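Taking our numbering, I'd label the letters of the sequence shown as residues 1334 to 1620. Presented below is the structure to which this report refers.
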Amino acid sequence: MNIVHHVEDLRGARRAWQVEGCTVALVPTMGNLHEGHLSLVRHARTLVDRVVVSIFVNPLQFDRAEDLAAYPRTLAEDCRRLAGEAADLVFAPSESELYPDGREQVTRVTVPVLSDLLEGAHRPGHFAGVATVVCKLFNLVQPDVAVFGEKDFQQLLLIRRMVGDLDMPVRIEGVATVRETDGLAMSSRNAYLEAGERALAPAIHQTLSELAARLKAGERDYSALEREAEKVLEKRGLRSDYVAVRRRQDLLLPRPGDARLVILAAAWLGRARLIDNLCLDLPSSMG
């Protein structure tokens, strides 16, 4: 496995693969890899000849300086795990490599509407940071396919919108959320949980599952169901940011007849902010 830190070296490797006629997949990450990330790499491995994993803690997508400073950086261990998954190249640039003129002056990519809903409302500027760095990575790696996890559902939708709007020649693949045995979605931020908090954390998935069951049973007062679910999260020891029932294709409010929905939630547990989602298809007779 090749580990490169500079754009010039990445482009050199990419040119060699192009000469060989290889197809390429990109798995963008911020490192501190867990089984969820590795599932993305395995999926990418089935699709193409060469797999690139980027590891970059992108400052543009952090809305709190203390969160950026505290984010775990575990490059050596990450590379060890990626070698075990037969990744071909790890691109681990410094901030100055990707933003040579400083993060404040970099051109930003903004996806309207989607960037301002839910996560975007709670984390101003976050999705402009995500779209900008992913756009840069697509330009550098020139992948045929890019693989993202469905745990960050809004992010996945946003990247798909950006790719479509800007006519980028890359296919976006979503991979199902990988969960712990108790239902907690795997996340790098789970490491922030203390033992007592970790025991409470599965409540977010449990609450979403209960809400999904009520929707499948025919309840349709979305606002009331959301408020009740937020209260349930609070009773179970989490501090809710939101629980939202939305249309799966655009995260707008469901209308009568909409059957393809997603329930999304974000909640605080100690210093960890957890997000999760659950997709569901309503019975057509009740849609």
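The C-beta atom is built at its ideal place from N, Cα and C for all residues, glycine as well. For clarity, every value in this text was computed on a predicted model and none was experimentally measured.
Closest Cα partner of residue i within the set the options
| i | options | result |
| --- | --- | --- |
| Glu1341 | Asp1411, Glu1430 and Ala1557 | Glu1430 |
| Gly1603 | Val1503, Glu1530 and Phe1460 | Glu1530 |
| Leu1447 | Leu1489, Ala1425, Thr1407 and Leu1408 | Leu1489 |
| Gln1475 | Leu1343, Gly1551, Ala1534 and Ile1336 | Leu1343 |
| Arg1553 | Trp1601, Leu1526, Leu1615 and Asp1583 | Leu1615 |
| Cys1412 | Phe1389, Val1463, Pro1433 and Val1357 | Phe1389 |
| Leu1408 | Gly1435, Val1337 and Ala1454 | Val1337 |
| Asp1449 | Leu1584, Glu1559 and Glu1428 | Leu1584 |
| Val1360 | Phe1471, Trp1350, Arg1397 and Gly1354 | Phe1471 |
| Leu1491 | Thr1510, Thr1465, Glu1513 and Thr1514 | Thr1465 |
| Asn1391 | Ser1427, Arg1572 and Asp1498 | Ser1427 |
| Glu1513 | Leu1499, Ala1358 and Lys1484 | Lys1484 |
| Lys1469 | Pro1445, Pro1433 and Lys1568 | Pro1433 |
| Val1385 | Trp1350, Arg1547, Leu1586 and Lys1549 | Trp1350 |
| Leu1526 | Val1578, Trp1601 and Val1463 | Trp1601 |
Beta-carbon proximity of residue i to residue j, cut-off 8 Å
| i | j | result |
| --- | --- | --- |
| Leu1566 | Ala1518 | no |
| Val1478 | Leu1380 | yes |
| Asp1419 | Arg1383 | The residue asked about is misnamed: residue 1419 is Ala in this sequence, not Asp. Not in contact: Ala1419 and Arg1383 (Cβ atoms no closer than 8 Å). |
| Arg1580 | Cys1612 | no |
| Leu1473 | Asn1335 | no |
| Leu1533 | Gly1570 | yes |
| Val1480 | His1376 | yes |
| Gly1482 | Leu1373 | yes |
| Val1511 | Val1503 | no |
Neighbourhood of residue i by C-beta, 8 Å cutoff - its chain only, sequence neighbours within 5 removed
| i | result |
| --- | --- |
| Pro1405 | Gly1364, Asn1365, Ser1521 and Ala1524 |
| Cys1355 | Val1381, Asp1382 and Arg1383 |
Own chain partners of residue i with C-beta closer than 6 Å, once the 5 adjacent residues on each side are dropped
| i | result |
| --- | --- |
| Asn1610 | Phe1486, Val1595 and Leu1597 |
| Arg1493 | Ile1505 |
| His1370 | Thr1362 |
Same chain, Cβ closer than 7 Å to residue i, neighbours up to 5 away in sequence not counted
| i | result |
| --- | --- |
| Arg1622 | Beyond the ends of the chain as shown, which are 1334 and 1620, falls residue 1622; an answer cannot be given. |
| Ala1562 | Thr1540, Leu1544 and Val1576 |
| Gly1620 | Any answer about Gly1620 is weak, because its pLDDT of 41 lies below 50 and its placement is not dependable; what the coordinates show is given next. Correct list, in chain order: Gly1590, Asp1591 and Ala1592. |
Opening and closing residue of the beta strand (DSSP E) in which residue i lies
| i | result |
| --- | --- |
| Asn1335 | Asn1335 to Val1337 |
| Arg1573 | The amino acid occupying residue 1573 in the given sequence is Ser; Arg does not appear at that position. Arg1572 to Arg1580 is the span of the beta strand (DSSP E), which, as asked, contains Ser1573. |
| Phe1424 | Leu1422 to Phe1424 |
| Asn1610 | Ala1605 to Asp1614 |
| Phe1471 | Counting along the chain, Phe1471 falls outside any beta strand (DSSP E), though it belongs to the alpha helix (DSSP H) covering His1459 to Val1474. |
| Glu1506 | Arg1504 to Val1508 |
| Phe1486 | Per DSSP, Phe1486 belongs to no beta strand (DSSP E); it is in the alpha helix (DSSP H), Phe1486 to Asp1498. |
| Arg1441 | No beta strand (DSSP E) holds Arg1441; DSSP gives it neither H nor E. |
Span of the alpha helix (DSSP H) around residue i
| i | result |
| --- | --- |
| Glu1428 | Glu1428 to Leu1431 |
| Glu1567 | Tyr1555 to Lys1568 |
| Ser1542 | Ala1536 to Lys1549 |
| Thr1379 | No alpha helix (DSSP H) contains Thr1379, which DSSP labels as neither H nor E. |
>> Assess contact between the stretch 1432-1445 and the stretch 1454-1462, defined as three or more Cβ pairs (one per stretch) separated by less than 8 Å. Is contact present?
In response: yes
> Can we say the stretch 1395-1403 touches the stretch 1365-1376, given the rule of at least three CB pairs closer than 8 Å?
Replying inline: no
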